[in-house]
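The UniProt record's numbering applies: residue 1 is where the sequence shown begins, and numbers increase by one.
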Amino acid sequence: FRVAQGGLQALSAAAVLAGDHFKIHLNALVPAAVERLGDGKQPVREAARQLLVTLMEVSSPTIILERAGNYAWTHKSWRVREEFVLTVATAVGLFASTELLMQRVLLSPVLQLMNDSNQSVREAAISCIEEMYKNMGSQFHEELQRHNLPTYM
1 FRVAQGGLQA LSAAAVLAGD HFKIHLNALV PAAVERLGDG KQPVREAARQ LLVTLMEVSS
61 PTIILERAGN YAWTHKSWRV REEFVLTVAT AVGLFASTEL LMQRVLLSPV LQLMNDSNQS
121 VREAAISCIE EMYKNMGSQF HEELQRHNLP TYM
């Protein structure tokens, strides 16, 4: 697991140093990082989450989350779904003020994960919703009402 963790950390460092030149590798890196979110070792999962956040800093958070979401929202591994929602919550906390469209794009898939078969995924989705609310306030409440949530939510 140290090789995977070290490799992910090296990619994060390379992304910071290379900046715009690193963008051409996003199509290969994002799906690989998403797969590592399902690793059995917590340090590897944390390194994968950090790589995704670093890629958001170098590129655009919305673009990275959309690309990663193509693989992660419906991934067969519950751990990938859980870790990705935690990554989304981190991104919302870091980039909400600069990426206003991001939360609208992410809200629907996060709400869908509130009905996931795995308890950990549902809890992660709830904490992500809470993070979104902290960053948007009453505007987020209006956005939630557009999704016609059941009354028990």
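A virtual CB, placed ideally from N, CA and C, is assigned to each residue, including glycine.
Please name the residue in the options whose C-alpha comes closest to that of residue i.
i, options, result
"A89", "K76, L107 and Q5", "L107"
"L51", "G38, T62, V34 and D39", "V34"
"F22", "V58, Q42 and H141", "V58"
"V30", "R49, A18 and S138", "R49"
"A96", "A4, F140 and R36", "F140"
"T62", "L101, G93 and S117", "L101"
"E66", "L26, S127 and Q42", "L26"
"A4", "D20, E142, Q42 and A28", "Q42"
"Q112", "Y133, T98 and R81", "R81"
"Y71", "L94, G93 and A28", "A28"
In three-state DSSP terms, what is residue i?
i, result
"M132", "helix"
"G93", "helix"
"D116", "coil"
"R146", "coil"
"K41", "coil"
"S77", "coil"
"T87", "helix"
"L98", "As written in the sequence, residue 98 is Thr, which differs from the Leu given in the question. In the structure shown, T98 sits in coil (DSSP, three-state: anything other than H, G, I, E or B)."
"G69", "helix"
Report buried or exposed for residue i, applying the criterion of at least 16 other Cβ atoms within 10 angstroms of its Cβ.
i, result
"V105", "exposed"
"V16", "exposed"
"L55", "buried"
"R146", "exposed"
"I129", "buried"
"I24", "exposed"
"A10", "exposed"
"E83", "buried"
"G38", "buried"
"Q103", "buried"
"E131", "buried"
"G69", "buried"
"S12", "buried"
Please check the pair residue i and residue j, which I expect to be a contact at CB under 8 Å, by giving their CB distance rounded to whole angstroms.
i, j, result
"M136", "A125", "Between A125 and M136 the Cβ distance is about 16 Å, and since that is not below 8 Å, they are no contact."
"P109", "W73", "5 Å"
"L86", "A47", "Rounded, the Cβ-Cβ distance is 14 Å, inconsistent with contact."
"A91", "V53", "7 Å"
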